[in-house]
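Numbering (our numbering), first residue to last: 604 to 772.
This report concerns only the one structure given below.
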Amino acid sequence: NLTDGLDGLALGLIIFVVSAYAGLSYLTGHIKIAEYLKIPFIHDSAELTVYCMSVLGAGIGFLWYNAHPAEVFMGDTGSLSLGGAIGVISLLIKKEILLIIVGGVFVAETFSVILQVFSYKLFGKRVFLMAPIHHHFELKGWSESKIIVRFWIIGAMLALIAMSTLKIQ
Numbered sequence: 604n605l606t607d608g609l610d611g612l613a614l615g616l617i618i619f620v621v622s623a624y625a626g627l628s629y630l631t632g633h634i635k636i637a638e639y640l641k642i643p644f645i646h647d648s649a650e651l652t653v654y655c656m657s658v659l660g661a662g663i664g665f666l667w668y669n670a671h672p673a674e675v676f677m678g679d680t681g682s683l684s685l686g687g688a689i690g691v692i693s694l695l696i697k698k699e700i701l702l703i704i705v706g707g708v709f710v711a712e713t714f715s716v717i718l719q720v721f722s723y724k725l726f727g728k729r730v731f732l733m734a735p736i737h738h739h740f741e742l743k744g745w746s747e748s749k750i751i752v753r754f755w756i757i758g759a760m761l762a763l764i765a766m767s768t769l770k771i772q
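This is the structure:
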């Protein structure tokens, strides 16, 4: 919900997260692949791939209208339900810790708000011009499109990093 302050920012990141979890759920649901990768096999978790791909398709369709300048907005209901869905998927395929990496941009946005509040309460000074951090970059003069694309690039890299950790678990 904190990341949903710019047109398409949260939804673009959700697309990367859901794509990574679609791959992870597919891999954990096939016994031969799970054995090869030395990850726990979870019976029927491959079915979550269909759900992840459904969320992915819906997200891409919604992004068509949510991209800058947005015609439709996700709101609290959309952002919180998508966050809950990703949390449940990570629990079902037993990859909860990877959520910190895959959703690293969401973690950074949340941490920027927490840091801003604590810094202001304890020292009376702000760390950022505005929190969450994407608003800080807006006030620094970055265009909305530049912020969104750069956050998407970071989100895509974090999703790939999370997928690459399968062999080192």
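The C-beta atom is built at its ideal place from N, Cα and C for all residues, glycine as well.
Quick caveat: nothing in here was measured; it's all calculated off a predicted structure.
DSSP state of residue i mapped onto helix, strand, coil
i: Ile700; result: coil
i: Ile642; result: coil
i: Arg753; result: helix
i: His738; result: helix
i: Ser767; result: helix
i: Met760; result: helix
Close-in-space but distant-in-sequence residues of the same chain around residue i (CB under 7 Å, 5 per side omitted)
i: Gln719; result: Arg729, Val730, Phe731 and Ala734
i: His779; result: Only positions 604 to 772 of the chain appear in this structure, which leaves residue 779 out of reach.
Residue i - containing alpha helix (DSSP H), residue span
i: Gly707; result: Gly707 to Phe726
i: Thr603; result: Lying before the first or after the last residue shown, residue 603 is absent from the chain, which here runs from 604 to 772.
i: Ser693; result: Gly678 to Leu695
i: Trp667; result: Glu650 to Asn669
Contacts around residue i, its chain only, beta-carbon distance under 6 Å, and the 5 residues preceding and following it disregarded
i: Trp755; result: Gly615
i: Lys698; result: Leu627
Own chain partners of residue i with C-beta closer than 8 Å, once the 5 adjacent residues on each side are dropped
i: Gly707; result: Ile757, Gly758 and Leu761
i: His739; result: Ser715, Phe731, Leu732 and Met733
Sufficient close CB pairs (3 or more, under 8 Å) joining the region 710–726 to the region 638–648: no
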